[in-house]
Structures are given as structure tokens and as C-alpha cells.
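A.B. asks:
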Amino acid sequence: MLTRTPTPPAPAKDSRKSGFYRHDLDGLRGVAIALVAVFHVWFGRVSGGVDVFLVLSGFFFGGSLLRTALDPDSSLSPWPEILRLVRRLLPALVVVLAAGAALTVLVQPQTRWETFADQSLSSLGYYQNWELSATASNYLRAGEAVSPLQHIWSMSVQGQFYISFLILIFGFAYLLRRPLGKRLRATFVALLAALAVASFSFAAVIHVTDQMANYYNSFARAWELLLGVLVGAAVPHVGWPMWLRSVVAAAGLAAIVSCGAFIDGVKEFPGPWALVPVGATVLVILAAANRHASPSTRHRLPLPNRLLSARPLVTLGAMAYSLYLWHWPLLIFWLAYTDGTHAGFVDGAAILAISGVLAYLTMRYVEEPLRSGGRVPEPNLQPITIPWRVRLRRPTIALGATVGLLGVALTATAFTWREHVTVQRANGKELVTLSTSSYPGARALTDHARVPQLPVRPTVLEAQNDLPESTNDGCISDFGNTGVINCSYGDLTATRTIALAGGSHAEHWITALDALGKMHHFKVVTYLKMGCPLTTEELPLVMGDNRPYPNCHQWNQRVMAKLINDHPSFVFTTSTRPWNIKPGDVMPSTYIGIWQTLSDNNIPILAMRDTPWLVRNGQPFFPADCLAKGGDAVSCGIKRSEVLSDYNQTLDFLAQFPQMRALDLSDAVCRPDVCRAVEGNVLVYHDSHHISATYMRTLIPELGRQMGAATAWW
-10 MLTRTPTPPA
0 PAKDSRKSGF
10 YRHDLDGLRG
20 VAIALVAVFH
30 VWFGRVSGGV
40 DVFLVLSGFF
50 FGGSLLRTAL
60 DPDSSLSPWP
70 EILRLVRRLL
80 PALVVVLAAG
90 AALTVLVQPQ
100 TRWETFADQS
110 LSSLGYYQNW
120 ELSATASNYL
130 RAGEAVSPLQ
140 HIWSMSVQGQ
150 FYISFLILIF
160 GFAYLLRRPL
170 GKRLRATFVA
180 LLAALAVASF
190 SFAAVIHVTD
200 QMANYYNSFA
210 RAWELLLGVL
220 VGAAVPHVGW
230 PMWLRSVVAA
240 AGLAAIVSCG
250 AFIDGVKEFP
260 GPWALVPVGA
270 TVLVILAAAN
280 RHASPSTRHR
290 LPLPNRLLSA
300 RPLVTLGAMA
310 YSLYLWHWPL
320 LIFWLAYTDG
330 THAGFVDGAA
340 ILAISGVLAY
350 LTMRYVEEPL
360 RSGGRVPEPN
370 LQPITIPWRV
380 RLRRPTIALG
390 ATVGLLGVAL
400 TATAFTWREH
410 VTVQRANGKE
420 LVTLSTSSYP
430 GARALTDHAR
440 VPQLPVRPTV
450 LEAQNDLPES
460 TNDGCISDFG
470 NTGVINCSYG
480 DLTATRTIAL
490 AGGSHAEHWI
500 TALDALGKMH
510 HFKVVTYLKM
520 GCPLTTEELP
530 LVMGDNRPYP
540 NCHQWNQRVM
550 AKLINDHPSF
560 VFTTSTRPWN
570 IKPGDVMPST
580 YIGIWQTLSD
590 NNIPILAMRD
600 TPWLVRNGQP
610 FFPADCLAKG
620 GDAVSCGIKR
630 SEVLSDYNQT
640 LDFLAQFPQM
650 RALDLSDAVC
660 RPDVCRAVEG
670 NVLVYHDSHH
680 ISATYMRTLI
690 PELGRQMGAA
700 TAWW
């Protein structure tokens, strides 16, 4: 979430030009990382500390470049800055990723190794924020367990900013240094201000429409870094009396320390509420700026800034990058090992202590030697000349080579595992031809079919890709799409039509409906959107994480108009949802308006009771993960009473809607007391709440029996 940022150059003779070193901002880094780590470990919240780091990154990195790159006599080569960034940022990251890879193999099931491999590559490539954004917007992956590398998203944002800023400032200087002359710096600052305003406006707009995408979006975060750059440009021109500086610094520091307790950063940042930690950081920076002070009195800082300059906080600030890298994966691996959802006081304190020790060792023996180029005098060792005119000592070269080889090994291992999984899943094509006698699936429950002892299919590695055809065909609108996508299955020449409408829990029935349509001569047309059932709810939420989902309401309005216009023979949709506040399932009242509209337009309804959503300790539970850890069909399942009520509440509305028919395949998925992970040698779920396509094929006979009775078509 934070990166080690370049510090201002050492004081020169003209202190007004070069500035003075801000130890108080190192201390502010220490406060910020303490807030980040404590809030993560003990409170499971975002503290606002990351936003502090973003501003400081812009202040140090951008402010330094403003003083150098735009100087008429400066070099226009960005390579020294790029090499400096590489030395500062990559070594510690590679070490932590390598440790994470080892812990993943030791602690995590094989089903999680691919995700770690993907995110290792995206972390090394500094596009982790986009990887996480894609995962969050993919409904089939949105419920995955929290990644031990999730925190690296903001390092990716900063890395992208550094490169973009280098290109922008050196390109600007190269093209306009002569035409603009003395106006070069002022013009560039004006450009940065315009970009900051555009970024903030973008973040404010997308915050309303898609907060999850906003959270990880680089441009939505850019204003925080750009504001830091602008503050760096303003510092030499600020001069406040001491009493005002003290008040401003105290107010800023208080806001930084307290904002995590009052603002839910995941839901609000980087929207307008991010102005609290960002603005507070700006106040702390400006409070110590005094253009009227002489070089000999520049150490006279306001009391809050002097407190931030205390050695313990400065040391903690120096460790901030490594501490951030270590604390989050250690927390996630501990929770994975203990199957917990949060850390207690004792284990949380242990995680923080271990993170602190590892951070110090990483800083002292990895970051500092490679960052300084090994220029610390060492007896009996002669410097060696290498390219780029950087003089390194043999131990430093060995350390750099070791880190480089570690990075290469990590990259090669990630690609190798991804290829292995790809080969394994390629075998999944045979799932459509599995013998019904060897793999009876649901028939073991409905027909008491004999179940021989055979390996479970799909395997735990095949499960993720055991998807309905409509998903692979792109026939379901994603989170950001409000358009209605129609695809046809079953007997494409038939005149009788079933509209499959709603979210992904309606979609996973397409595998069985397609087969039944071909057998009994009806066409199936899809009207589907991820995470969006047919509902009249005006402020819907995404099931599972309860984030706002305004696109769902817009899509419902469009799809209902199209259904009425198309007038299918039946609308097949789900009629229940799981309770969020207690065990069992429920018929949401917002479905009634949909049924009324369809009935008013003489469109019959096939109301399917929703399949169970597997949840443990308030979090999605993945049977494939459990099986990969060595669990069995029962231990990796869930009690039926926790996910299904004794009674299907849809039945209470059949009298009110005579053209509605209730379908319920709960007894083909669950036993009377338990919903097992495996039935008839077939893995029931491909994730935590979607039926695998293989198991859905074994539901065809029972679904056909119920639909035949409901439609009277066969």
C-alpha cells in the first residue's frame, strides 16, 4: 500500500532552494504505518494511513523532481531516477513475495496457489490494483478468500504514478523548456493542478456508480499524489505565525489519527471523504513550512511536528515500507492456518511484533545496502566498477544478485504453476461425458443410485472452470453493464420459449435447461446479469459484501420492459435468497412486484427455489478449498438447517399468482440433515454458491420431472 519514496536532496548552501530535511514527515510515516497495521490486524478496517502515504509519496518524489527536472541546467534523462526507484522498491518486495510463496505452499490449499501466482506476477509488474479490480468485478471470483498480496494494490498505483510522472515532467521539459523559459515551472504546476481536479472529479463520480472499481482505480487515486506534488511546490512560499502553525499541525495530526474510527475507507475512499486524511496530511506538511525563517532557525518546528520528529517515530517511519509489506501477508496466512476470521489481542500482538522484527531486518540488510549502493566503508573490501557508474562492494553485488535470482525464480515458478493448472483443466473437457453409473451425482439422492468408490470430479483444480455455457459464451451482463444480453439455447427452432432471467443463480440452471430444451423442443433465451436477481428494489446491494449496486436497478427496469415485449411462454427465475441475519432462506418482498408485473402481462412464471449459499463465520466457504486441505464430503459441507428453512416460502404466494409454478430441487442437492460437498462422486459447487456444471447435468432428470408437471409440455 505504500512504497519507499525518494527523499529530498541533502541541504545545499542555498537552503531556500534545496530545503531542509523533514524528519517530522518520517515520523508521520511512522504514525501512518502504525495506524494501517493496527487497524488491519485488530479492527479489520481502513485507517486512512494509506492516503497519508500517497500524499507523502507525491510530496517527496514529485517535489524533488520539480526542483531538479525543471531546472534549466538539469539533465533530461529519466534513467537515474528509474534506477533509483528500482533499487528502492523491488528488493524488499521480492523478498516478501518469496516468503509469501513459501507460506502459500505450506499453509494454503492448492486451489489458492494459482491466485497467489497471478498476484505475484501482477505485484512484480506493478498492476496489482487492476488485477484486484478485475477480481472484484468478476462475480464468480468476487467471493474468493482475501489474498495475502491484496495490500500491494497501492504500491502498484504509486509505481504507475512514478513512471507516468517521470514521462510527463521530462517530456514537458524536453518540449517546452526553451519556449516557456522562466514560465516553465508555473505552467507545469498549473497542468498538475488541472490533472488533480480532473482526477478528484472522476473519483467523486465513479464513487457513486462503482465504488469497488473506484477504490483500485489509478486515476481515481492520482489526485492524492498530485496534491502532494502541489504542496511540495507551495512549501517555499508559505509563511504562517508559530501559533497558527501549531494549531494547524495539531488539527491535522488529530484528523489523521482519528479518521479510521469514524470513516469507512473501503466504502468512502478515494471519494470526497478522502479529503479528511489527505487534507490533514497537507496541513501537517505546511505547518512546518516557514519562508520567513533563516537557515539557522529552520529547526524551530511547531510542537506536533517536533513530536513527530522523535527518534522512535522516525525509526518506525524508516521501516514503514518493509513493515507494510510484511504485516498483511502474515495476518492472512495466520487466519488461513487457524481458519479464523480476525485476530485476537494476543495473536494480533504477536503478528505485529513478528512483522516489526522482519521489517527491521529487511530494512537493515536488504533495503539500506542496495539503496545506498554499498558505499558504507567496509574494511578489507575493495570497490568494484560496474555499469552506470555505481560503485558497489562485493557483498552488495552478491545481495543484489541473490535478490535478482529470487525474483527470476519467483516469476518462473508462478508461470510454471499456472501452466500446470491450465493442463489440469484441459482434462476437464471430458466432464461432459462422465459415465452416469460411475458418477451419478444427484441421482444418488433422488434415485438412491449406487455410488462406486472413484475420484471426485471435477477435481479441486478443475472446479473453478466447471462453468455454465452461458458464462463462457459471454451471455451474462457484468457488474458495469446495464444492457440486456440475449443468447439462445435448447431447440433453436422451437416456438415455445423459456426466458431464463435474473442473476448467476438463475444462470447456472442453463446447463440443465439447454439439455431439456433439446429433448422436449423448447428454446431457452437468457436475460442475465451478475449478482442481480429480478427485483423491484431501488437500492439493491451485491449479495455477499453488501456494496451498493445501482446498475442492478437500471438493468431490472430494462429487462422487465424487454420481457413484456418478448412475451415468452414462461419466465424461469429464482424465488428465494439466503437470510443475511439468521440461518435459512427467505422469499424477498421485492420479488412480489416482479411477479405481479409478469402476471399482469399474462406471462407464467417458473419460480425456482435458490440453491444454498455456503457461509461459515460470516464468510463464503469454498468446498474445493476444504477438500484440497484434506477434508471430506461431510466436513466440507454444511448443515442443511443453516442454509435452508424448513419451508419454501414461495408456496405461500401460489394462490395470489395462479400462473406461477414453484420448483424446488433442494432434496437433489442436500440430504435431510446436511448439504454435502460431494454427492455421487461429483463436486456439488464450483465455488461457494454456484452449482458446478457437472453436478447440474446430473440434475437434469429431476428438473425435467418437475418442469414437465409445471408446464404440462411433456
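Numbering-wise, the numbering used here puts 48 at position 59 of the sequence shown, and it's gapless, one number per residue. Quick reminder that beta carbons are idealized off the backbone N, C-alpha and C, glycines included.
#1: Answer yes if the stretch 295 to 308 comes into contact with the stretch 63 to 83, meaning at least three C-beta pairs across the two stretches below 8 Å, and no otherwise.
#2: Please determine, among VAL473, VAL227, TYR428, PHE28, the residue with the shortest C-alpha to C-alpha distance to VAL271.
#3: Put ASP676 into one of helix, strand or coil per three-state DSSP.
#4: Does PHE208 come out as helix, strand or coil in the three-state DSSP assignment?
#5: When you compare each of ASN591, LYS512, ARG605 to LEU569 by their alpha carbons, which one comes out closest?
#6: Take the Cβ of PRO61 as the centre, count every other Cβ of all protein chains shown within 10 Å, and call the residue buried at 16 or more, exposed below.
#7: Assign ILE487 to one of three DSSP states: helix, strand, or coil.
#8: Keeping to the same chain, check which residues put their C-beta closer than 6 Å to that of CYS541; ignore five residues upstream and five downstream.
#9: Leaving aside the five residues before and after VAL365 along the sequence, list all residues of the same chain whose C-beta is less than 7 Å from its C-beta, in chain order.
#10: Which of the three DSSP states, helix, strand or coil, is assigned to MET201?
#11: Under 8 Å, Cβ to Cβ, is there at least one residue of chain B near TRP229?
#12: Buried or exposed: which applies to PHE334, given that a residue is buried once 16 or more other Cβ atoms fall within 10 Å of its Cβ?
#13: Have a look at the DSSP bridge pairing and note the partners of CYS664.
#14: Nearest to LYS418 by CA position, among LEU456, VAL658, VAL667, LEU319, is which residue?
#15: Grab the span of the beta strand (DSSP E) containing ILE594 for me, first residue to last.
#16: So, is THR351 buried or exposed, given that buried needs 16 or more other C-beta atoms within 10 angstroms?
#17: Please report how far the alpha carbon of ARG11 lies from the alpha carbon of PRO291, in whole angstroms.
#18: Return helix, strand or coil for GLN608, following the three-state DSSP convention.
#19: Quick check on DSSP: helix, strand or coil for MET519?
#20: With DSSP collapsed to three states, give me the class of ASP555.
#21: Tell me whether ALA222 sits in a helix, a strand or coil according to DSSP, three-state version.
#22: Could you round the C-beta distance between TRP142 and LEU121 to whole angstroms and report it? I think they count as a contact, below 8 Å.
#23: Considering only their Cβ atoms, is the gap separating GLY619 from CYS664 smaller than 8 Å?
#24: Find out if the Cβ-Cβ distance for the pair MET519, SER466 is shorter than 8 Å.
#25: Could you work out which residue in PHE511, ILE594, ASP653, LEU43 is closest to ALA21 when comparing CA atoms only?
#26: Within its chain, find whatever has a CB closer than 6 Å to the CB of LYS571; leave out the 5 residues flanking it on each side and keep chain order.
#27: How would you write the range of the alpha helix (DSSP H) that LEU350 sits in, first residue to last?
#28: Spatial neighbours of MET653 within its chain, please: CB distance less than 6 Å, with the 5 preceding and 5 following residues excluded, ordered by chain position.
#29: Contact between the stretch 73 to 87 and the stretch 102 to 118: three or more CB pairs below 8 Å?
#30: Comparing alpha-carbon positions, which option in PHE646, GLY254, ASN591 lies nearest LEU24?
#31: On the CB-based measure, 16 or more other CB atoms within 10 Å of its CB, does TRP232 come out buried or exposed?
#32: Check the DSSP bridge columns for ASN637 and list the partner residues they point to.
#33: If you drop the 5 nearest sequence neighbours on each side, which residues of the same chain put their C-beta closer than 7 Å to that of GLY693?
#34: Give the single residue among TYR684, TRP323, LEU312 whose Cα lies nearest to the Cα of ARG353.
#35: Quick check on PRO601: buried or exposed, where buried means 16 or more other Cβ atoms within 10 Å of its Cβ?
#36: Return yes when the Cβ of ALA106 is within less than 8 Å of the Cβ of TRP544, no when it is not.
C.D. replies: Here's the rundown:
#1: For the pair of segments examined, the stretch 63 to 83 was found not to touch the stretch 295 to 308: the number of CB pairs separated by less than 8 Å stays below three.
#2: Mapped onto the sequence shown, residue 271 falls at position 282. Of the candidates VAL473, VAL227, TYR428, PHE28, the one whose C-alpha sits nearest the C-alpha of VAL271 is VAL227.
#3: Residue mapping note: residue 676 aligns to position 687 of the sequence shown, counting from 1. Residue state, collapsed to three classes: coil.
#4: For the purposes of this step, residue 208 is taken as residue 219 along the sequence shown, with counting starting at 1. Three-state DSSP puts PHE208 in a helix.
#5: Here the question's residue 569 lines up with position 580 in the sequence shown. Going by the sequence as given, residue 569 is Asn instead of Leu. Looking only at ASN591, LYS512, ARG605, the smallest Cα-Cα distance to ASN569 is reached by ARG605.
#6: In the sequence shown, the residue the question calls residue 61 occupies position 72. Its Cβ having fewer than 16 others within 10 Å, PRO61 is exposed.
#7: Translated into positions along the sequence shown, residue 487 becomes position 498. Taken through DSSP and simplified to helix, strand or coil, ILE487 comes out as strand.
#8: On the sequence shown, residue 541 is found 552 positions in, with the first residue counted as 1. Apart from sequence neighbours up to five positions away, the residues of its chain that approach CYS541 with a beta-carbon distance below 6 Å are CYS521, PRO529, ordered along the chain.
#9: Position 376 of the sequence shown, counted from the start, is the residue given in the question as residue 365. Low per-residue confidence applies at VAL365: pLDDT is 40, beneath 50, and the placement is therefore not dependable enough to give any value.
#10: Start at 1 with the first residue of the sequence shown, and residue 201 comes out as number 212. Note: MET201 maps to helix in three-state DSSP.
#11: Although the question refers to chain B, the structure presented lacks it and comprises just one protein chain.
#12: Locating residue 334 in the sequence shown gives position 345, counting from the first residue. Exposed is the label assigned to PHE334, since fewer than 16 other Cβ atoms lie within 10 Å of its Cβ.
#13: For the purposes of this step, residue 664 is taken as the residue at position 675 of the sequence shown. Its beta-bridge partners are ILE627.
#14: Mapped onto the sequence shown, residue 418 falls at position 429. Of the candidates LEU456, VAL658, VAL667, LEU319, the one whose C-alpha sits nearest the C-alpha of LYS418 is LEU456.
#15: Here the question's residue 594 lines up with position 605 in the sequence shown. Counting along the chain, the beta strand (DSSP E) containing ILE594 begins and ends at 594 to 597.
#16: Residue mapping note: residue 351 aligns to position 362 of the sequence shown, counting from 1. Burial call: buried.
#17: By 1-based counting over the sequence shown, the position of residue 11 is 22. By 1-based counting over the sequence shown, the position of residue 291 is 302. Between ARG11 and PRO291, the C-alpha separation is close to 13 Å.
#18: As a position in the sequence shown, residue 608 is number 619, starting the count at 1. DSSP places GLN608 in strand when its eight states are reduced to three.
#19: Position 530 of the sequence shown, counted from the start, is the residue given in the question as residue 519. The answer is coil: DSSP assigns MET519 none of H, G, I, E or B.
#20: Taking the first residue of the sequence shown as 1, we reach residue 555 at position 566. Assigned with DSSP and collapsed to three states, ASP555 falls in helix.
#21: Here residue 222 refers to the residue found at position 233 of the sequence shown. In the three-state scheme derived from DSSP, where H, G and I count as helix and E and B as strand, ALA222 is classed as helix.
#22: In the sequence shown, residue 142 corresponds to position 153, counting from 1. In the sequence shown, residue 121 corresponds to position 132, counting from 1. With a beta-carbon spacing of about 5 Å, TRP142 and LEU121 fall inside the 8 Å limit used to define contacts.
#23: One-based indexing of the sequence shown puts residue 664 at position 675. One-based indexing of the sequence shown puts residue 619 at position 630. At least 8 Å separates the beta-carbon of CYS664 from that of GLY619.
#24: Stepping through the sequence shown from its first residue, residue 519 is reached at position 530. Stepping through the sequence shown from its first residue, residue 466 is reached at position 477. Their beta carbons are under 8 Å apart, which means MET519 touches SER466 by this criterion.
#25: In the sequence shown, counting from the first residue as 1, residue 21 sits at position 32. Selected option, being the one with the closest Cα: LEU43.
#26: For the purposes of this step, residue 571 is identified with residue 582 of the sequence shown, where counting begins at 1. Taking LYS571 as the centre and dropping the five residues before and after it, the same chain places no C-beta closer than 6 Å to its C-beta.
#27: Within the sequence shown, numbered from 1, the residue matching residue 350 stands at position 361. For LEU350, the enclosing alpha helix (DSSP H) starts and ends at 334 to 351.
#28: Taking the first residue of the sequence shown as 1, we reach residue 653 at position 664. Looking at the sequence itself, residue 653 is Asp, so the reference to Met does not match. The answer, listed in chain order, is ARG598, ASN637.
#29: Inter-segment contact for the stretch 73 to 87 and the stretch 102 to 118 is present: three or more beta-carbon pairs are separated by less than 8 Å.
#30: Residue numbering aside, residue 24 sits at position 35 when the sequence shown is read from its first letter. Here the closest residue by C-alpha is GLY254.
#31: Position 243 of the sequence shown holds residue 232. TRP232 comes out exposed.
#32: Here residue 637 refers to the residue found at position 648 of the sequence shown. Per DSSP, none; premise fails for ASN637.
#33: Looking up residue 693 in the sequence shown gives position 704. The residues are LEU505.
#34: Mapped onto the sequence shown, residue 353 falls at position 364. Taking only the C-alpha atoms, the option nearest ARG353 is LEU312.
#35: Taking the sequence shown and counting its residues from 1, one reaches residue 601 at position 612. Per the 10 Å Cβ criterion, buried.
#36: Translated into the one-based positions of the sequence shown, residue 544 becomes position 555. Translated into the one-based positions of the sequence shown, residue 106 becomes position 117. Cβ atoms of TRP544 and ALA106: not closer than 8 Å.
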